[in-house]
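Accompanying notes for the structure given below.
Protein chains: 2
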Amino acid sequence: MKFSTQFRPKKSFKVNDSDAGDKPLSSGDKAKDKLAVDALAQQIAELQNVFYAAHKRKLLLVLQGMDTSGKDGTVKDVLGRIDPLGIRSVAFKAPTTIEKEHDYLWRIHREMPAQGEIVIFNRSHYEDVLITRVHDWINDDEVQRRLAQIRDFERMLSETGTVVLKFFLHISKDQQKKRLEDRIADPDKHWKFDLQDIEERKSWDAYQSAYTTAINATDADHAPWFVIPADSKTHRNLVIASIVLEILEGMKLAYPPAKPELKDLKII
Amino acid sequence: MKFSTQFRPKKSFKVNDSDAGDKPLSSGDKAKDKLAVDALAQQIAELQNVFYAAHKRKLLLVLQGMDTSGKDGTVKDVLGRIDPLGIRSVAFKAPTTIEKEHDYLWRIHREMPAQGEIVIFNRSHYEDVLITRVHDWINDDEVQRRLAQIRDFERMLSETGTVVLKFFLHISKDQQKKRLEDRIADPDKHWKFDLQDIEERKSWDAYQSAYTTAINATDADHAPWFVIPADSKTHRNLVIASIVLEILEGMKLAYPPAKPELKDLKII
Chain V
1 MKFSTQFRPK KSFKVNDSDA GDKPLSSGDK AKDKLAVDAL AQQIAELQNV FYAAHKRKLL
61 LVLQGMDTSG KDGTVKDVLG RIDPLGIRSV AFKAPTTIEK EHDYLWRIHR EMPAQGEIVI
121 FNRSHYEDVL ITRVHDWIND DEVQRRLAQI RDFERMLSET GTVVLKFFLH ISKDQQKKRL
181 EDRIADPDKH WKFDLQDIEE RKSWDAYQSA YTTAINATDA DHAPWFVIPA DSKTHRNLVI
241 ASIVLEILEG MKLAYPPAKP ELKDLKII
Chain U
1001 MKFSTQFRPK KSFKVNDSDA GDKPLSSGDK AKDKLAVDAL AQQIAELQNV FYAAHKRKLL
1061 LVLQGMDTSG KDGTVKDVLG RIDPLGIRSV AFKAPTTIEK EHDYLWRIHR EMPAQGEIVI
1121 FNRSHYEDVL ITRVHDWIND DEVQRRLAQI RDFERMLSET GTVVLKFFLH ISKDQQKKRL
1181 EDRIADPDKH WKFDLQDIEE RKSWDAYQSA YTTAINATDA DHAPWFVIPA DSKTHRNLVI
1241 ASIVLEILEG MKLAYPPAKP ELKDLKII
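As they're listed, the protein sequences go chains V and U. According to my numbering, the residues represented by the first sequence are 1 to 268, in order. According to my numbering, the residues represented by the second sequence are 1001 to 1268, in order.
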């Protein structure tokens, strides 16, 4: 089975039914898996050179997941070898005053990739049906309305040439506990620690349920979700890198054709 | 002498008096120099992690130089190891219709780095006193007016916390000829070849003169120019990486202080 099929959510997918500790692509040898990630990251970087040169497709990678699920780590380990010329990483935080005066897709649309560009969303418009729902800032009717709007928005993006890939980095509640404790133990990591993360953790079940709703409602062949078992960092990287590489390879990218008018050009 | 002093333009600097083939930092052994570049690029990437975490300073790297002078190559070789989270590369092309309806610094200001961010300008507002002057779209009075505006703009940036470093990648006319011929010889590189480059080459001397004027008028301790001998790619990388690393090290970057309130926090 292709990776890009294997990690798609099944019909009536439930976050809680999927195992965050799964390692389906692992060789069983962690050192070997790490080398595999490096090799995949290098191949992705090489294909991105062609992607940039071809200057046709637009690629959006959406990373979603609970705090500590490894969104930053994925950017660094899987996409960190890409030439900065052709990649852009956008972290969506709580909306600013000006952003709040617009519809919730306004700031998202502005950051979309241009031709030849790969853009990574570290959090995204999905927060507008996740944190907002969990805290009861919006009700279920509004969630349904937004999910329909997001489906329409992503279909338009796809129809106008953007490849949209959405990754749900799935960690278990125990694994999050461990990672939060690790951050507390290392003073150099305190800057990453927001007491708000503890508050959000209290709503763990509500988040799992909101993710389940969002993923089922917006998974589509033209804007697929991938459910990534993310308790192991190496394995998370391995799965995401395998999917991204497969999709880039499937694009049959090529350098633009040679220009015949250059053939007899003399530089003086 | 510090690198960041060594490569500053002398008083009444003239582009034509400086040797594009110079290799002052070379060990004399190209393979060794390449390894040195890789090591420096790695150190820059590591310091950028702290720069990002500290979330205080803003760093702007401006790359200017004739076609084929190695602006893209510098981004890849010197800055390509940096985590995409904290770096952004912006290529300024001919202004769009909307950009032309604003002042020439409008689109520049929008792309400035935020706290913790490193931004690379691949061409910049300097084109507005270079190509524009060479083609007589503006006269000398307007050049002088703009140079004063640029000085004011960059002083404001510096006073408000942006470190502005400007690199002039200096290649010789012969070296450009060689690189353009290399691009013609390799069909996979034709996409990089714009016949306009040949047109611009005809104005070589006018460009050298416009660069001389711009560099002299806008070199300042708070927004320094560095003149990089760029006929050798490896040496160009070595010099730029040495300067960038020295300046990052000089910032005495540190992770934000530990948060005492986390000390006795229990995760449940």
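Beta carbons are placed, not taken as given, at the ideal position from N, Cα and C, and that holds for glycine. Nothing here was measured: the structure is a model prediction, and the numbers come from that model.
- In terms of Cβ geometry, V/Val129 and V/Ala254 do not form a close pair [threshold 8 Å].
- Inside the region 1091 to 1153 of chain U, DSSP marks whole alpha helix (DSSP H) runs of 4 or more residues at positions 1097 to 1100, 1106 to 1110, 1131 to 1134, from first to last along the chain.
- Between the alpha carbons of V/Leu180 and V/Thr68 lies a gap of roughly 7 Å.
- The C-beta of V/Gly28 comes no closer than 8 Å to any C-beta of chain U.
- Excluding five sequence positions before and after U/Ile1228, the CB atoms of its chain that fall closer than 7 Å to its own CB belong to Phe1007, Phe1167, Phe1168, Leu1169, His1170, Arg1236, Val1239, Ile1240, given in chain order.
- Distance between V/Lys56 and V/Leu63, taken at the CA atoms: about 23 Å.
- Apart from sequence neighbours up to five positions away, the residues of its chain that approach U/Val1075 with a beta-carbon distance below 7 Å are Ser1089, Ile1120, Asn1122, ordered along the chain.
- In the structure shown, V/Lys202 adopts coil according to DSSP, grouped into three states.
- Look at U/Ala1041: its C-beta is not under 8 Å from any C-beta on chain V.
- When CB distances to chain U are screened at a threshold of 9 Å, the residues of the region 70 to 85 of chain V falling below it are Asp72, Val75, Lys76, Leu79, Gly80, Arg81, Ile82, Asp83, Pro84, Leu85, in chain order.
- Every unbroken stretch of the beta strand (DSSP E) spanning 3 or more residues and falling wholly within the region 187 to 259 of chain V is given here in chain order: 225 to 229.
- Note on V/Met156: under 16 other CB atoms within 10 angstroms of its CB, so exposed under the neighbour-count rule.
- In its chain, beyond the 5 residues on either side, Trp106, Arg107 have a beta carbon closer than 8 Å to the beta carbon of V/Glu99.
- Taking a beta-carbon distance threshold of 8 Å, U/Lys1058 does not count as an interface residue toward chain V.
- For V/Ile87, the secondary structure class from DSSP, reduced to helix, strand or coil, is strand.
- Put simply, the CB of U/Pro1256 is near chain V, with a gap under 8 Å to one of its CB atoms.
- Contact between V/Pro9 and V/Trp225 is confirmed by a C-beta separation of about 6 Å, below the 8 Å threshold.
- Using a Cβ-Cβ cut-off of 8 Å, V/Trp191 counts as an interface residue toward chain U, since at least one Cβ of chain U sits closer than that to its own.
- Shown here for V/Glu246: same chain residues with a beta carbon closer than 8 Å to its own, the five before and five after excluded, namely Lys2, Phe3, Ser4 in chain order.
- Interface with chain U (8 Å Cβ-Cβ cutoff): V/Glu117 is excluded.
- Only exposed fits U/Gly1028, as fewer than 16 other CB atoms lie within 10 angstroms of its CB.
- About 13 Å separates the Cβ atoms of U/Leu1248 and U/Leu1060, ruling out a contact at the 8 Å cut-off.
- Among the residues facing chain V, U/Pro1009 is not included, as its CB has no counterpart in that chain under 8 Å away.
- Contact annotation: V/Lys233 and V/Gly73 have beta-carbon atoms nearer than 8 Å.
- In this structure, DSSP gives V/Leu180 a helical state, which the three-state scheme calls helix.
- Taking C-alpha positions only, V/Leu265 is separated from U/Glu1127 by approximately 27 Å.
- Residue burial annotation: U/Gln1176 is buried, with at least 16 other C-beta atoms found within 10 angstroms of its C-beta.
- Boundaries cannot be given for V/Leu265, as no alpha helix (DSSP H) includes it and DSSP labels it neither H nor E.
- Cβ neighbours of V/Ile243 within its own chain (closer than 7 Å, five residues either side excluded): Phe3, Ser4, Phe7, Phe226.
- Contacts between U/Asp1188 and chain V, judged by CB atoms closer than 7 Å, involve Tyr255 in chain order.
- With respect to chain U, the C-beta atom of V/Leu262 has a partner C-beta closer than 8 Å.
- Contact of V/Ala94 with chain U is not assigned, every C-beta pair being separated by 8 Å or more.
- Across the set V/Ile82, V/Lys14, V/Ser26, V/Thr213, the C-alpha of V/Thr213 shows the shortest separation from the C-alpha of V/Asp141.
- Shortest Cα-Cα distance from U/Lys1071 to any of V/Lys173, V/Pro187, V/Gly70, V/Asp83 involves V/Asp83.
- The distance from the Cβ of U/Glu1117 to that of U/Lys1058 is about 6 Å, consistent with a contact at the 8 Å cut-off.
- Distance from the Cα of V/Gln115 is smallest, within the candidate group V/Tyr104, V/Ser158, V/Phe153, V/Asp197, for V/Ser158.
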